[in-house]
Amino acid sequence: MQDHPENDSQYKGLNVNSGVAQPPQVNPYLNKRPKRKPLPAASELIEGILKGDVTMLSRAVTLVESIQPAHQAIAQEVIEKCLPYSGKSRRIGITGVPGAGKSTSIDVFGLHVLKQGGKLAVLAIDPSSERTKGSILGDKTRMEKLSQHHGAFIRPSPSAGSLGGVARKTRETIVLCEAAGYNNIFVETVGVGQSETAVHSMVDFFLLIQLAGTGDELQGIKRGIMEMADGIVINKADGDNIGPAQLAQAQFRSALHLFPPTESGWQPEVLTYSGYFELGIAEVWDMIDRYFAYVDANGYFERRRHQQARYWMFETIDEQLRNHFYNNPEVNRLLARNEDMVLANRRSSFIAARDVLDFYFKSLRQ
Numbered sequence: 047m048q049d050h051p052e053n054d055s056q057y058k059g060l061n062v063n064s065g066v067a068q069p070p071q072v073n074p075y076l077n078k079r080p081k082r083k084p085l086p087a088a089s090e091l092i093e094g095i096l097k098g099d100v101t102m103l104s105r106a107v108t109l110v111e112s113i114q115p116a117h118q119a120i121a122q123e124v125i126e127k128c129l130p131y132s133g134k135s136r137r138i139g140i141t142g143v144p145g146a147g148k149s150t151s152i153d154v155f156g157l158h159v160l161k162q163g164g165k166l167a168v169l170a171i172d173p174s175s176e177r178t179k180g181s182i183l184g185d186k187t188r189m190e191k192l193s194q195h196h197g198a199f200i201r202p203s204p205s206a207g208s209l210g211g212v213a214r215k216t217r218e219t220i221v222l223c224e225a226a227g228y229n230n231i232f233v234e235t236v237g238v239g240q241s242e243t244a245v246h247s248m249v250d251f252f253l254l255i256q257l258a259g260t261g262d263e264l265q266g267i268k269r270g271i272m273e274m275a276d277g278i279v280i281n282k283a284d285g286d287n288i289g290p291a292q293l294a295q296a297q298f299r300s301a302l303h304l305f306p307p308t309e310s311g312w313q314p315e316v317l318t319y320s321g322y323f324e325l326g327i328a329e330v331w332d333m334i335d336r337y338f339a340y341v342d343a344n345g346y347f348e349r350r351r352h353q354q355a356r357y358w359m360f361e362t363i364d365e366q367l368r369n370h371f372y373n374n375p376e377v378n379r380l381l382a383r384n385e386d387m388v389l390a391n392r393r394s395s396f397i398a399a400r401d402v403l404d405f406y407f408k409s410l411r412q
């Protein structure tokens, strides 16, 4: 560092220190950060999953949820090899409006199941922000007791605006969890929109959680969701809310008689309970036990599993066709041109769509 001119002898009483050297711009500790672990091989993941290794199961689920082609290739190989070891669980879907107490109920239902032996996997679909695309993934924090149990595996997944994609990944995650030895699977929905239909297509029993004392209970009786439900439970039936809960129970029972018989032949039951005070939990699970005994006896359980497998085969075909269509760069350019003409009223929407599809089908024949 050069001397300052103020230190010359002609300047009496002045003395300027040279100071310290300028620190480097790059953080000296940057290279000391731990390197990311390499992706495990498919054989390593399969071996770990079949042994019940939670770490290997978690890494495999992460690959299933990834959109990177390399990750998807490994994930599909793992799923294919784990498929023969799956199918030996009770798959239970749990839905309800936000605030109905789904996470609290899963916490107490899960502990009740684990006390009877076996293992439990909870797959929670968490809604993502439409603006930021982010997701809190806070379901695990609301399942305080269950998250500390060694026999429970809790995995929240962001919906990321695509319920169809999440539903497919959730179904594949179910296969991995079953191969890892989890004989009870809970799938919690976001509680809005079409998520109930997606979850209903991958579970054996569909539980609808309702509330009482929040206004007109008949507003909660929606034909679509009621027809899908195999059991309806009124939560928060405690204290001063016991009376309203019993009234709502009677209203729901009356409404169920107006619906046509279910395909399984099972008559959905309506019960009351309190997730917070853990009241009526055993009765709810006894209802679920009766359902599985009923559908096992009449053969509906196997028929339902076959229907779901067929449904997801065609859903996967539809998804792959859409991806192949919209990921074609020439199709995207033609779409943009036709969109401009449609917005300028120079071409109808139907003619524009036919033009793009004709081009796409012609490109497939070449």
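Going by the numbering used here, the first residue of the sequence shown is number 47, and it counts up by one from there.
Don't be surprised by glycine CBs; every beta carbon is placed ideally from N, CA and C.
Since this is a predicted model, take the numbers as computed values, not measurements.
- A Cβ-Cβ distance of about 7 Å is found for the pair residue 279 and residue 253, placing them in contact under the 8 Å criterion.
- The three-state secondary structure of residue 323, taken from DSSP, is coil.
- In the same chain as residue 66, and ignoring 5 residues on each side of it, no C-beta atom comes closer than 8 Å to its own.
- Just measuring C-alpha positions, the residue of 317, 310, 201 sitting nearest residue 257 is 317.
- Rounded to the nearest whole angstrom, the CA to CA distance from residue 406 to residue 366 is 15 Å.
- Remark: C-beta atoms of residue 273 and residue 154 do not approach each other more closely than 8 Å.
- Cβ-Cβ separation between residue 218 and residue 110: approximately 5 Å, consistent with a contact (criterion under 8 Å).
- Between residue 165 and residue 197, the C-beta gap is smaller than 8 Å, which places the two residues in contact.
- Taking 8 Å as the cut-off, the beta carbon of residue 248 is found closer than this to the beta carbon of residue 220.
- At the C-beta level, residue 356 and residue 233 stay beyond 8 Å of one another.
- A distance below 8 Å separates the beta carbons of residue 281 and residue 147.
- Distance from the CA of residue 380 to the CA of residue 171, rounded to the nearest whole angstrom, comes to 36 Å.
- Distances from the alpha-carbon of residue 287 to those of 319, 297, 351, 277 put 319 closest.
- Taking 8 Å as the cut-off, the Cβ atoms of residue 201 and residue 160 do not count as close.
- Taking the Cβ atoms as the reference, residue 96 lies roughly 6 Å from residue 225, within the contact range of under 8 Å.
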